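Q:
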Amino acid sequence: MLGLMQNWPLTVDKILDHAKSWHGDREIVSRSVEGPVVRTTYAEVHARAKRLSNALKGLGVQPGDRVATLAWNTARHIEAWYGIMGIGAVCHTLNPRLFAEQLCYIINHAEDKVLFTDLTFLPVLLEHRAQMPTVKHVIVMTDEAHMDPAAYPGALCFETLLAENSADCVWGDFDENTAAGLCYTSGTTGNPKGVLYSHRSNFIHTLVTMGQDVMGLSATDTVLPVVPMFHANAWGLAFSCSAVGAKLVMPGMKLDGASVYELLESEAVTFSAAVPTVWQMLLAYMRETNSRPSTLQRVVIGGSAVPEALVRAFRDDYGVSVTHAWGMTETSPLGTLATPTGKIAKMSPEEQLRFTLKQGRPPIGIELKLVNDAGERLPHDGTTFGRLMVRGPFVVGEYFKGDGGEILDEEGYFDTGDVATIDEYGFMQITDRAKDVIKSGGEWISTIEIENLAVGHPKAALCAVIGAAHPKWDERPVLLVKLEPGVDATKEEFLAFLEGKIAKWWTPDDVVFVDDIPLGATGKIDKKLIRERMKGYVLPTAAPAKATA
Ligand code: AMP
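Position one of the sequence shown corresponds to residue 54 (the working numbering), numbered consecutively onward.
1. Tell me which residues share the same chain as residue 527 and place their Cβ nearer than 6 Å to its Cβ, disregarding the 5 neighbours each side in the sequence.
2. If we require 4 or more residues per run, which alpha helix (DSSP H) segments fall completely within the segment 527-558?
3. Since residue 334 and residue 293 are thought to touch, with beta carbons under 8 Å apart, how far apart are those beta carbons, to the nearest angstrom?
4. Comparing the CB of residue 440 with every heavy atom of the ligand AMP, is any distance shorter than 7 Å?
5. Can you give, in chain order, each stretch of the beta strand (DSSP E) that sits fully within the segment 373-444 and has at least 3 residues?
6. Could you tell me which of 422, 505 and 523 sits nearest to residue 515, measuring between CA atoms?
7. Taking only heavy atoms of the ligand AMP into account, decide whether any of them is closer than 7 Å to the Cβ of residue 381.
8. Between which residues of its own chain and residue 177 is the CB-CB distance below 6 Å, once the five residues before and five after are set aside?
9. Give the secondary structure of residue 231 by DSSP, where H, G and I count as helix, E and B as strand, and everything else as coil.
10. With respect to 7 Å, is the separation between the Cβ of residue 468 and the closest non-hydrogen atom of the ligand AMP below this value?
11. For residue 141, does the three-state DSSP call read helix, strand or coil?
12. Could you check if residue 165 is buried or exposed, using at least 16 other CB atoms within 10 Å of its CB as the buried criterion?
13. Using a Cβ-Cβ cutoff of less than 6 Å, which residues in the same chain neighbour residue 215 once the five nearest sequence positions on both sides are dropped?
14. Should residue 148 be labelled buried (16 or more other beta-carbon atoms within 10 Å of its own) or exposed?
15. On a Cα-Cα basis, can you pick out the residue from 510, 562, 531 and 555 that is closest to residue 541?
16. How far does the beta strand (DSSP E) with residue 331 in it extend, from its first residue to its last?
17. Unbroken alpha helix (DSSP H) runs of length 4 or more, entirely within the segment 246-298: which are they?
18. Going by beta-carbon coordinates alone, are residue 181 and residue 163 separated by less than 8 Å?
19. Grab me the residues of residue 248's own chain with a C-beta within less than 6 Å of its C-beta, minus the 5 sequence neighbours each way, in chain order.
20. Please check the pair residue 503 and residue 559, which I expect to be a contact at CB under 8 Å, by giving their CB distance rounded to whole angstroms.
21. Just to confirm, does residue 245 get its C-beta within under 7 Å of one of the non-hydrogen atoms of the ligand AMP?
22. Taking only the alpha-carbon atoms, compute the straight-line gap between residue 348 and residue 203 and give it to the nearest angstrom.
23. Quick check: does the Cβ of residue 272 come within less than 7 Å of any heavy atom belonging to the ligand AMP?
24. Please confirm whether residue 421 and residue 441 have their CB atoms less than 8 Å apart.
25. Among the candidates 179, 171, 206 and 188, whose CA atom is the shortest distance from the CA of residue 196?
26. Kindly indicate which residue of 63, 205 and 415 has the alpha-carbon position closest to the one of residue 233.
27. Could you give the first and the last residue of the continuous alpha helix (DSSP H) run that contains residue 364?
28. The beta strand (DSSP E) that contains residue 80, what's its start and end?
29. Check whether the Cβ atoms of residue 259 and residue 296 lie closer than 8 Å to each other.
30. What are the boundary residues of the beta strand (DSSP E) that residue 203 is part of?
31. I need the boundaries of the alpha helix (DSSP H) containing residue 496, first residue and last residue.
32. Any heavy atom of the ligand AMP closer than 7 Å to the CB of residue 358?
33. Cα separation between residue 561 and residue 238?
34. To which residues of the same chain is residue 602 closer than 7 Å at the C-beta, ignoring the five residues directly before and after it?
35. Is the beta carbon of residue 486 within less than 7 Å of some heavy atom of the ligand AMP?
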């Protein structure tokens, strides 16, 4: 017997409809690519997104066509996003930090028909235009005054298209399983693969992430999504903020400490989300200038593991609460958050910190399991490492165009490629990417754990750990340290700093001071590149003594 409730397809256009109807005058403030801070509202964004839908239809965009965006976080990007999705086309967010060759590969693979771009990326687009044969139209997200036809002949102007089209456009009216968005993984192993979100998966992700124990967003919040819309949908904030009617503050292209701080203060931001490197830059700025955030209450930090020193600084020096989150493009992206349970909330702040530093627990809609290489389930004892597997209504089922083949196990779980533990409180902790974990004498060593401890050394700016070949133990850890500007340090002081904090046999065999620790396109340490750079490196130790943990 079927239920007798209304059939109301879960399509994301309804989210912006809701924002227009019930939070129409709530502001969206952007640091524009042209420079000035500009202000608009959900009602205006809604009307302009509809105009854009008509413009896209006029350019021949059909349901299912892919329309790409190469853009920073601004209100215009939100307009493009909803304008595309509202008519059943697929919004393909491109990460401008990728190499041009990778961008061309992705654009061709997706067969993007129209491409929205910020002014910033015109030179690179023009240079590679011939390698994007499927792209019929390029729309520059600016006004006539900033259009330079000589800079990009044939490009269309965003504001002109809006002015020429009416806001009378029907959105939705299609199956909730219709594709809404496309985002490619960063492709650290092989070619990038496309994750094709549906309206339904985005809608459910939005409902889940609004929850008190997840992002806990409210109509009273002012939210600064530093995390880009091209990186896993800005962790869903372009949807969830519209859904609750939070004021949005879009940072544009300026993500340095001073610019982020300026927006936090001038717009009275209460909530923000970003990768750890952004917060490190903000902290450095606040320390240098002796300034502090006056309205900021909560930050969500994810994308890579949050170092302890960062949580302590926010909590103890600035009174800002940190929620550590884990997720991936394939999980829409939020998978777990380290918000306390009833038991944990009763612990002392110091005991709670132990849990904040883990990646956390799944909200409703995410199922997790840990397995060994044979696919057998492993215990949730907080120490046994295993492959982290995930399933749920906003988790990838297959990659776009079937790349990578069958990606689910027989129970329908997706292999995240992460290695993790789960403790008796249900808190998951990532110990490594499966390809980065160090296998020493048949045992696994977590590079992330050592990195996070080492970066707590006051002289360290960034740390990375990789495995180096060893004749007896297969691999042993090497710690790479980028020092704070103008300081000197010795290998011995870093090893002494780690002593007692990790098992003896996890102690790196060497410490190498480097000028640069490269970060990839999504702000994560690029270990592939580090390994390439360290190719000729030979460990000074021939036979380290292996102790038991
Ligand atoms: P992406 O799809 O680019 O967002 O990358 C997802 C990957 O980033 C995950 O599979 C993890 O390896 C890593 N990641 C995301 N969040 C965290 C976190 N909080 N701690 C450690 N690794 C993380």
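Glycine included, C-beta positions come from ideal geometry on N, C-alpha and C. Just so you know, these numbers come straight off a predicted model, no measurement behind them.
A: In short, the structure shows the following:
1. Around residue 527: 492.
2. Runs found: 544-551.
3. Taking C-beta atoms under 8 Å as the contact rule, residue 334 and residue 293 fail to qualify, at a distance of about 25 Å.
4. Flag unset: Cβ of residue 440 not near the ligand AMP.
5. Qualifying beta strand (DSSP E) stretches, in chain order: 374-380, 387-390, 420-424 and 439-444.
6. Comparing Cα positions, the closest option is 505.
7. Yes, the beta carbon of residue 381 sits closer than 7 Å to at least one heavy atom of the ligand AMP.
8. Counting only Cβ-Cβ distances below 6 Å, and skipping sequence neighbours, we find 153.
9. In this structure, residue 231 counts as coil in the three-state DSSP scheme.
10. Flag unset: Cβ of residue 468 not near the ligand AMP.
11. Correct three-state label for residue 141: coil.
12. Around the beta-carbon of residue 165, 16 or more other beta-carbon atoms lie within 10 Å, marking it buried.
13. 101 and 104.
14. Buried is the call here.
15. Cα-wise, what sits closest to residue 541 is 510.
16. Run containing residue 331: none in the beta strand (DSSP E); it sits in the alpha helix (DSSP H), 329-342.
17. The segment 246-298 contains these whole alpha helix (DSSP H) runs: 252-263 and 290-297.
18. Residue 181 is not a Cβ neighbour of residue 163, given a cutoff of 8 Å.
19. Closer than 6 Å at the Cβ level, and outside the excluded window around residue 248, lie 236, 382, 383 and 449.
20. Confirmed, about 6 Å.
21. In this structure, residue 245 has its CB at a distance of at least 7 Å from all heavy atoms of the ligand AMP.
22. Between the C-alpha atoms of residue 348 and residue 203 there is a straight-line separation of about 45 Å.
23. False, no ligand heavy atom lies under 7 Å from that Cβ.
24. Taking 8 Å as the Cβ cut-off, residue 421 and residue 441 qualify as a contacting pair.
25. Nearest option by C-alpha distance: 171.
26. Minimum Cα-Cα distance from residue 233 among the listed residues 63, 205 and 415 corresponds to 63.
27. Where residue 364 is concerned, the enclosing alpha helix (DSSP H) stretches over 361-365.
28. 80-84 is the span of the beta strand (DSSP E), which, as asked, contains residue 80.
29. Judged by beta-carbon spacing, residue 296 lies within the 8 Å limit of residue 259, meaning their Cβ atoms are closer than that value.
30. Where residue 203 is concerned, there is no enclosing beta strand (DSSP E), given that its DSSP letter is neither H nor E.
31. No alpha helix (DSSP H) contains residue 496, which is instead part of the beta strand (DSSP E) from 496-498.
32. Yes; taking the cut-off as 7 Å, the Cβ of residue 358 has a heavy atom of the ligand AMP nearer than that.
33. Rounded to whole angstroms, residue 561 to residue 238 spans 31 Å at the Cα level.
34. For residue 602, the predicted structure reports a pLDDT of 40, less than 50, and the residue's modelled location is therefore unreliable. A value from the coordinates is still provided. Hits under 7 Å: 556 and 558.
35. At least one heavy atom of the ligand AMP is nearer than 7 Å to the Cβ of residue 486, so yes.
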